[in-house]
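Notes follow the structure.
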Amino acid sequence: MELNQNTRQAIRIWVKMAGARHLTRGETGMELTNTVAIVTGGNGGLGQRICQALALEGVNIAVVCAQNIDGADTVARRLGKEYGIKADAFSCDVTDSADVTALSRAVTEHFGRLDILINDAAYNKSIPFSDLDGLTQEEWDRILDTNLTGPMRLIKATAPALKLQGAGRIVNIASVAGLSPTGSSIAYAVSKAGLIHLTRCMAVALAPNTLVNCVAPGLLEGTRATANLSDQQVQRASQGSLLKKAADKDDCARMVVEMCRTDTLTGQTIAIDSGRVFH
1 MELNQNTRQA
11 IRIWVKMAGA
21 RHLTRGETGM
31 ELTNTVAIVT
41 GGNGGLGQRI
51 CQALALEGVN
61 IAVVCAQNID
71 GADTVARRLG
81 KEYGIKADAF
91 SCDVTDSADV
101 TALSRAVTEH
111 FGRLDILIND
121 AAYNKSIPFS
131 DLDGLTQEEW
141 DRILDTNLTG
151 PMRLIKATAP
161 ALKLQGAGRI
171 VNIASVAGLS
181 PTGSSIAYAV
191 SKAGLIHLTR
201 CMAVALAPNT
211 LVNCVAPGLL
221 EGTRATANLS
231 DQQVQRASQG
241 SLLKKAADKD
251 DCARMVVEMC
261 RTDTLTGQTI
271 AIDSGRVFH
């Protein structure tokens, strides 16, 4: 939903009036204003929407990318200008443990705290399930290292800072490919299935101070998955869903915000796929 200028201005005024507050328990869940979030893959299509949705709540954001630091910096500057929050770009290779540790330290020192981790960074390559020869060990290792081990590294690195706030939040971005044998490759589906179970395991490990949940998007409008498809192709691909349409990345972003706000939901995975997969 596009916001008009008056609405944006009202939001900015409200955020400034709210002042600096820690996460506190309330009737509607956790107060997010002036908290700090790391969003990996924050310069991607869905990542940007997640950043915008969090910024709308007054969350200060570390926009994290693997290589395109200029793109991440553009996103950060836009967030600061449009929502009146603090936002900065950071580079991190999630397959490098030292890099991940350095990111956690840099963000915490830069913003003074860390409350939220969004694991959205991912690697994907289309390899048909039937093409086992095409599924090389190199591609398998790269996909699993980025999509599954990467989030594990980030969770371990940020857990102490999240616990320090007394109310940390972690949201992993998986895929419906992790709920059923579909998707661009066997390795991708397995990596996302692993991420869904990692969510459950980390919810146990980090309770009760940090809540860990997962969003599993299906086919989303306005992302790389649909960028090269015509409207007719998207419609055909969506016929298997109950709602007969592709899901919206804004729905995913709003679900991420709700998972950050909740004080009772943990270890859960919510599919945003217009009712295609049941689990």
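My numbering applies: residue 1 is where the sequence shown begins, and numbers increase by one. Beta carbons are placed, not taken as given, at the ideal position from N, Cα and C, and that holds for glycine.
- One Cα belongs to Ala187, the other to Glu139, and the distance between them is close to 8 Å.
- If you draw a 10 Å sphere on the C-beta of Gly134, you find fewer than 16 other C-beta atoms in it, and that means exposed.
- Counting along the chain, Ser91 sits inside the beta strand (DSSP E) bounded by residues 87-91.
- Ranking Val39, Ala89, Ala159 by CA distance to the CA of Val204 puts Ala159 first.
- Within the same chain, Cβ atoms closer than 8 Å to the Cβ of Leu144 are found at Ala187, Val190, Ser191, Gly194, the five residues on either side in sequence being excluded.
- In this chain, the alpha helix (DSSP H) harbouring Ala159 covers 150-165.
- Between the alpha carbons of Arg200 and Asp70 lies a gap of roughly 35 Å.
- DSSP, reduced to helix, strand and coil, places Ile127 outside both helices and strands of the structure shown, so it counts as coil.
- Cβ-Cβ distances below 7 Å link Asn43 to Val63, Cys65, Asn68, Gly71, Ala72, Val75 in the same chain, with the five nearest sequence neighbours on each side left out; the list follows chain order.
- Rounded to the nearest whole angstrom, the C-alpha separation of Thr35 and Leu164 is 13 Å.
- By the Cβ-count criterion, Glu57 is buried, with 16 or more other Cβ atoms from all chains shown falling within 10 Å of its own Cβ.
- The Cβ atoms of Val171 and Asn124 do not sit closer than 7 Å to each other.
- At the C-beta level, Gly183 and Asp273 stay beyond 7 Å of one another.
- Runs of the alpha helix (DSSP H) lying entirely within the stretch 44-68 and spanning at least 4 residues, in chain order: 45-56.
- When secondary structure is reduced to three states using DSSP, Gly71 falls in the helix class.
- It is roughly 7 Å from the alpha-carbon of Ile85 to the alpha-carbon of Val59.
- Counting the other CB atoms within 10 Å of its CB gives Lys81 a total below 16, which places it among the exposed residues.
- Annotated three-state conformation of Thr108 is helix, per DSSP.
- Beta-bridge partners of Pro217 (DSSP): Ile272.
- Counting of Cβ neighbours within 10 angstroms places Leu132 among the exposed residues, the total staying below 16.
- Thr40 is not a Cβ neighbour of Ala98, given a cutoff of 7 Å.
- Apart from the 5 residues on each side of it in sequence, Leu211 sits with its Cβ closer than 6 Å to the Cβ of Arg169, Thr266 in its chain, given in chain order.
- The beta carbon of Ala174 lies closer than 6 Å to those of Lys192, Leu195, Ile196, Cys214, Ala216 in the same chain, with the five residues before and after it left out.
- Boundaries of the beta strand (DSSP E) harbouring Gly168: 168-173, taken from the DSSP string.
- One Cα belongs to Asp115, the other to Ser130, and the distance between them is close to 42 Å.
- If you look at Ala177, you'll find it isn't in any beta strand (DSSP E); DSSP assigns it neither H nor E.
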